Amino acid sequence: MAELEVLATGPLTTVQDLGRPGRAHLGVGRSGAADRGALRLANRLLANPEGAAALEVTLGGLRVRAHGHLVIALTGAPCPAAVTDASGRNRIIGHQSVERLPDGATLWLGVPSQGLRTYVAVRGGLDVPEVLGSRSTDTLAGLGPERPSPGALLPVGPPPRTHPLVDLAPLPWSAPGRLGELVLEVLPGPRAGWFRPGALRVLCAEPYAVTADSDRVGIRLSGPRLERARDGELSSEGMVPGALQVPPSGRPTLFLADHPVTGGYPVIAVVRDRDVDRAAQARPGQRVRFHPSPAMRAIFHVELSR
C-alpha cells in the first residue's frame with residue numbers, strides 16, 4: 001500500500017475533504033476544506049473525485065516522504081515547494097500542476113508568498129478512516145482523524161481508472177497578493193435589525209483588519225464598532241459559513257469551515273458563498289472590505305429615503 005510519511009507539519013496541517021454537509025440538525029458541523037475551490041482543483045488535476053481527502057497546510061512547513069510512487073498536485077496559497085529524491089537530488093516543483101513524487105522522495109513546502117492555506121492532493125486520495133461519512137478534521141468539535149504528526153503514516157487510496165487530462169491549470173490566484181485588501185460581497189443578515197440604523201453602512205464603509213486570533217473556526221476582525229439597538233441575547237440559532245456574527249465587543253467574526261453549528265450573538269450580514277473560499281486565504285494583518293450586494297444597497301436606499 002502506498003503511504004505518505006509525515007516528517008514535519010508546520011504551524012497546522014490537517015486532513016480535509018468536502019466535509020459533512022447536511023448534519024447540522026444533529027449538531028454536527030460541515031467542516032471540510034476551508035478553501036473548497038482549491039481542494040476541488042487539486043483533485044480534478046489528478047482525476048480524483050473532487051471530494052477526495054488531501055492535506056490542508058497552513059503557512060507551509062510541511063515535509064512528507066513517499067512510500068510508493070505517487071502523483072501529487074499543489075493548489076491554494078502558492079508557496080515554494082521542492083522534491084528531494086532518494087539519492088539526494090533536489091528539484092523545484094510547480095503550483096497547480098501534476099507532479100511526480102517517487103518512492104523514497106520527500107516533499108517540502110515553504111511559507112506561501114500569498115494567502116494562507118495550501119492543499120497537497122495525492123492521486124487516489126488519502127485513505128484515512130471516515131468519521132460520520134467524512135475524512136475531515138473538525139478542529140472545533142474534535143471530529144475526524146487526528147492531526148498528522150511527525151512519524152504518522154497516511155495511507156493513499158487506489159488510483160482512479162481515469163487519468164489526468166492536463167498537467168497544469170494556469171488559473172490566476174483569486175485572493176490579493178501579500179497583504180493587499182480583500183473585497184468580499186455581503187448580504188443582509190437575519191439579525192441586521194438588532195443594530196442601530198446605519199450599522200450596515202458602517203460595516204461596508206471602512207476596511208477591517210484580520211487579527212492573529214483567527215483560525216479554521218473564524219476570522220476575528222478589528223475595525224469600526226457595530227452598535228447594537230437591542231440589549232440581551234438571542235436564543236441559539238443556526239449558523240452558516242460566511243456569517244458575520246457580532247459579539248458584545250461590536251467587532252464582527254467571520255465564520256469559516258469549522259464554525260459552531262449554533263450561536264447566540266446576532267448575525268448582521270453574511271458573506272456570499274462564492275467569497276468564503278477567498279476569505280479563508282486571508283492572513284493576519286490583511287485588510288478586508290465588505291462590498292454591499294444589491295439587496296444591501298436596497299436597504300441603504302430605504303434608510304436614506306426616510
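89 is the number that the UniProt record's numbering gives to position 89 of the sequence shown; each next residue is one higher, with no gaps. Where is the CB? At the ideal position from N, CA and C, for every residue including glycine. The structure presented is a predicted model; accordingly, all values stated were derived computationally and were not measured.
- Counted as a single uninterrupted DSSP element, the alpha helix (DSSP H) harbouring leucine 200 occupies residues 199-205.
- Around the Cβ of threonine 162, a 10 Å sphere holds fewer than 16 other Cβ atoms; the residue is exposed.
- Across the structure, alanine 73 and arginine 230 are spaced so that their CA atoms are roughly 50 Å apart.
- DSSP places isoleucine 92 in the strand class (E or B) of the three-state scheme.
- With contacts defined as CB atoms closer than 9 Å, proline 241 and leucine 256 qualify as a contacting pair.
- Taken through DSSP and simplified to helix, strand or coil, tryptophan 108 comes out as strand.
- Distance between arginine 63 and proline 190, taken at the CA atoms: about 44 Å.
- A straight-line Cα-Cα distance of about 25 Å links arginine 36 and glutamate 237.
- Look at aspartate 277 here: in three-state DSSP terms it is helix.
- Contact between glycine 68 and aspartate 103 holds: their C-beta atoms lie close to 6 Å from each other, under 8 Å.
- The Cβ neighbour count for serine 149, taken over all protein chains shown within 10 Å, is under 16; the residue is labelled exposed.
- For alanine 33, the closest alpha carbon among the candidates Pro252, Ser136, Ile299 is that of Ser136.
- Alanine 66 is bridged by DSSP to Leu4.
- By DSSP's assignment, tyrosine 119 forms a beta bridge with Glu56, Thr75.
- Proline 266 counts as buried, since at least 16 other C-beta atoms from the protein chains shown sit within 10 angstroms of its C-beta.
- Secondary structure note for alanine 38: its alpha helix (DSSP H) is the uninterrupted segment 36-45.
- Restricted to the region 171-196, the beta strand (DSSP E) segments that are unbroken, complete and at least 3 residues in length are 182-188, listed in chain order.
- For the 9 Å CB-CB criterion, valine 131 and glycine 144 form a contact.
- By the beta-carbon neighbour count (other beta carbons within 10 angstroms, threshold 16), histidine 25 is exposed.
- A distance below 6 Å between beta-carbons, with the five flanking residues on each side excluded, links aspartate 258 to the following residues of its chain, in chain order: Ser31, Asp138, Thr139, Leu140, Arg216, Val217.
- In summary, glutamate 56 is buried, with 16 or more beta-carbon neighbours lying within 10 Å of its beta-carbon over all protein chains present.
- In this structure, threonine 262 lies away from alanine 169, with their beta-carbon atoms at least 9 Å apart.
- Looking at the backbone, the Cα of arginine 44 and that of proline 164 are separated by about 8 Å.
- Checking the DSSP bridge columns, you'll see aspartate 138 partnered with Leu143.
- The C-alpha of phenylalanine 195 is placed about 12 Å away from the C-alpha of proline 247.
- Beta-carbon to beta-carbon, alanine 54 and alanine 121 are separated by about 4 Å, close enough to satisfy the 8 Å threshold.
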